[in-house]
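Trainee: Here it is, the structure in full.
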Amino acid sequence: MRKYLPTNYSNIKIILTILALLIYIITNSSLPNLIGSSLFNYLIKPSMWLGLASIIWLLPRTRPKSLLKFQESVYWWAFTFALVYIVVLVLAGFIDGLGKSPYSHTPKWILINFFSVGSFLLGSELMRSYFVNSFFTKKENYLLFILVAMFMTFLSTSFGKLIKLKDYVDIVKYVAQYLAPDFAKNLFATYLAFLGGPLASLIYIGVIEGFHWFSPILPNLKWITTALVGILIPVFSLSLMQMFYLTEARLIKEREQDQEGPFGWMITSIFSIVIVWFAVGVFPVYPSVIATGSMEPMIKPGDVILVDKATDINDIYSLKVGDVIQFTRDNILISHRIIEIKEEENVKMFYTKGDNNSAVDFEPVHPEQVKGKIIKVIPKVGWPTLLIKTNKNIDLEGIVF
């Protein structure tokens, strides 16, 4: 049986870091293509991670923060929070859409993927726990947690995808959809490893990765939804895990728990998430600020309109004369009333006009330009947005008509 040895192994940590970086460099080099990507991905790469795991396993064990009597609770909480993460992803998938998994689920490929993914998880989680617990401190060192989480995020980031990013829009989307959620997940996993050792973080990451690799149906989320879920759920989980552990270990008083309990601000945060999702158009109805007076007196500058999103061609073809629609033209949002509908070459064309305009819009609206139908006007709520845009010297005449 291996013993706990309170020794400072800074040289060992440097060697482990170099070995992990070497695996990363080899993985992202041209070597996999030279020897065959299948051979590398399903045999050589897993073998390298198993080799690293074996080295760490032979080292003297580092003791996690929690006492043995609390470690089982940490494991159950890790499993529970992983399930919460998956459930929220699935619920978001019911909004954004669900799709078929791109991975094969035949018995052969399930075993192959289990070996490939499992070897990486085993090696990386043993290394995570060794890094975070080899300082032999019982205090929560969040700088250390952040550095370890950053390193683990780096190891799972594809260098090939990074160099393919063309502009700042691609960079923002990549960071929001992949890097930031991975970092948040790794930060929580690092805290779990600090409390319960490698098994705690392995349970959390393993359950999430197992769902990703072995579920036949996966959420097909928009990048903004992925960012919100992937960042906020692990952050909430970390805060709750900290409270639950401190409470169970009786390191905080019940009075302090009542004062600092996260449920109040958690409800507030969830409400804030819903508001953000609503604003960016995750739900079937989304808001839009009107900047000009082309639809006065019905809609005035500074009013916010609620738009019932057109999700398919049936929604668009159900529009009728008199409806006020929002559509795009030259990347500009326009909100005008339908005054005539004509069918040209078996395609419905919508002729529109602003109520306050003297002439009909100069060209008809094609079905693919229609964003949705205005169902509600909220007066003056959008004035702060207009003031911000004005301060930024944005031409309001070209935003919404």
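For the sequence shown, position 180 matches number 1071 in the working numbering, and the numbering has no gaps at all.
Backbone N, C-alpha and C define an ideal beta-carbon position, used for all residues, glycine too.
Which residue marks the beginning of the alpha helix (DSSP H) containing Y1208, and which one marks its end?
Mentor: Taken as a continuous stretch (DSSP letters only), the alpha helix (DSSP H) holding Y1208 covers I1204 to Y1208.
Trainee: Tell me which residues share the same chain as N1077 and place their Cβ nearer than 6 Å to its Cβ, disregarding the 5 neighbours each side in the sequence.
Mentor: The residues are A1040, M1043 and T1044.
Trainee: What did DSSP end up calling I1181 once you bin it into helix, strand or coil?
Mentor: Looking at I1181 - three-state DSSP - the assignment turns out to be coil, as it is neither helix nor strand.
Trainee: M1240 bridges to which residues according to DSSP?
Mentor: Beta-bridge pairing links M1240 to K1233.
Trainee: The beta strand (DSSP E) with P1293 in it runs from where to where?
Mentor: What the structure shows of the chain is the stretch from 892 to 1292, and residue 1293 is not part of that stretch, so it cannot be assessed.
Trainee: Could you have a look at T1081 and say whether DSSP puts it in helix, strand or coil?
Mentor: Helix, per DSSP.
Trainee: With C-beta atoms as the reference, is D1252 less than 8 Å away from K1244?
Mentor: Taking 8 Å as the Cβ cut-off, D1252 and K1244 qualify as a contacting pair.
Trainee: Give me whichever residues DSSP pairs with I1269 in a beta bridge.
Mentor: Paired residue(s): V1195.
Trainee: Given a cut-off of 8 Å, decide if L1197 and P1178 are closer than it, judged by their beta-carbon atoms.
Mentor: It is a contact, given that the beta carbons lie within the stated cut-off.
Trainee: Tell me which same chain residues have a C-beta within less than 8 Å of the C-beta of G1289, skipping the five on either side of it?
Mentor: Caution is warranted here: a pLDDT of 41 is assigned to G1289, below 50, making its placement in the model unreliable, and no coordinate value can be reported.
Trainee: Once the 5 residues before and after W1274 are set aside, which same chain residues still bring their CB inside 6 Å of it?
Mentor: Answer for W1274: G1193, listed in chain order.
Trainee: So does S1010 have its beta carbon nearer than 7 Å to some heavy atom of the ligand GTP?
Mentor: Annotation note on the ligand GTP: not contained in the displayed structure, which lists no ligands.
Trainee: Does DSSP classify P993 as helix, strand or coil?
Mentor: Note: P993 maps to coil in three-state DSSP.
Trainee: Under 8 Å between the Cβ atoms of I1204 and I1216?
Mentor: It is not a contact, given that the beta carbons lie outside the stated cut-off.
Trainee: In whole angstroms, give me the CA-to-CA distance for G1051 and I916.
Mentor: So the two alpha carbons sit approximately 11 Å from each other.
Trainee: Looking at C-alpha atoms only, which residue of G927, F1085, P1258 and Y1242 is the closest neighbour of Y966?
Mentor: Residue F1085 is the option with its Cα nearest to Y966.
Trainee: Hey, how far is the Cα of K1057 from the Cα of K1113?
Mentor: Those two C-alpha atoms are separated by around 20 Å.
Trainee: Per the contact definition of three or more C-beta pairs closer than 8 Å, is the region 1081-1099 in contact with the region 945-964?
Mentor: A contact exists between the region 945-964 and the region 1081-1099.
Trainee: Use the C-beta contact count for L925: other C-beta atoms within 10 angstroms, 16 or more gives buried, fewer gives exposed.
Mentor: Exposed.
Trainee: Looking at C-alpha atoms only, which residue of W1000, P998, P937 and I906 is the closest neighbour of F1022?
Mentor: Answer by Cα proximity: I906.
Trainee: Can you tell me the Cβ-Cβ gap for S1010 and L941, rounded? I've got them flagged as a contact below 8 Å.
Mentor: With a Cβ gap of about 5 Å, S1010 and L941 count as contacting.
Trainee: Ordered along the chain, which non-local residues of its own chain (more than five positions away) have a Cβ less than 6 Å from that of S1020?
Mentor: Closer than 6 Å at Cβ, skipping near neighbours: A1084, G1088 and P1089.
Trainee: Could you spell out where the alpha helix (DSSP H) holding I935 opens and where it closes?
Mentor: That residue, I935, is in no alpha helix (DSSP H); it is neither H nor E in DSSP.
Trainee: Per the DSSP calculation, I1216 is bridged to which residue(s)?
Mentor: I1216 pairs with H1227 and K1264.
Trainee: Would you check if the distance between the CB atom of I1108 and the CB atom of V1195 is smaller than 8 Å?
Mentor: No.
Trainee: Are the Cβ atoms of Y976 and I1124 separated by less than 8 Å?
Mentor: Yes, the Cβ-Cβ distance between Y976 and I1124 is below 8 Å.
Trainee: Could you pull the DSSP bridge partners for R954 from this structure?
Mentor: DSSP, once it has assigned bridges, lists no residue as partnering R954.
Trainee: On a Cα-Cα basis, can you pick out the residue from V1261, P1258, H1257 and H1227 that is closest to N1248?
Mentor: The shortest C-alpha separation from N1248 is found at H1227.
Trainee: Would you call the region 976-990 and the region 1063-1074 in contact, with 3 or more CB pairs under 8 Å?
Mentor: The answer is no - the region 1063-1074 does not touch the region 976-990, with fewer than three Cβ pairs under 8 Å.
Trainee: Cα-Cα, which of K1264, V978 and T1081 is closest to N1032?
Mentor: Residue T1081 is the option with its Cα nearest to N1032.
Trainee: Grouping DSSP H, G and I as helix and E and B as strand, with all else coil, what is L1056?
Mentor: Three-state result, L1056: coil.
Trainee: So, N1111 versus G984, is the Cβ gap smaller than 8 Å?
Mentor: For N1111 and G984, yes; Cβs fall inside 8 Å.
Trainee: Hey, how far is the Cα of I909 from the Cα of A1201?
Mentor: In a straight line, the C-alpha of I909 is about 53 Å away from that of A1201.
Trainee: What separation, rounded to the nearest whole angstrom, lies between the Cα atoms of Y994 and F1105?
Mentor: Between Y994 and F1105, the C-alpha separation is close to 8 Å.
Trainee: Which whole-angstrom value describes the C-beta separation of D1199 and G1101, a residue pair presumed to lie in contact below a C-beta threshold of 8 Å?
Mentor: Actually they are not in contact, since the Cβ atoms of D1199 and G1101 sit about 39 Å apart, beyond 8 Å.
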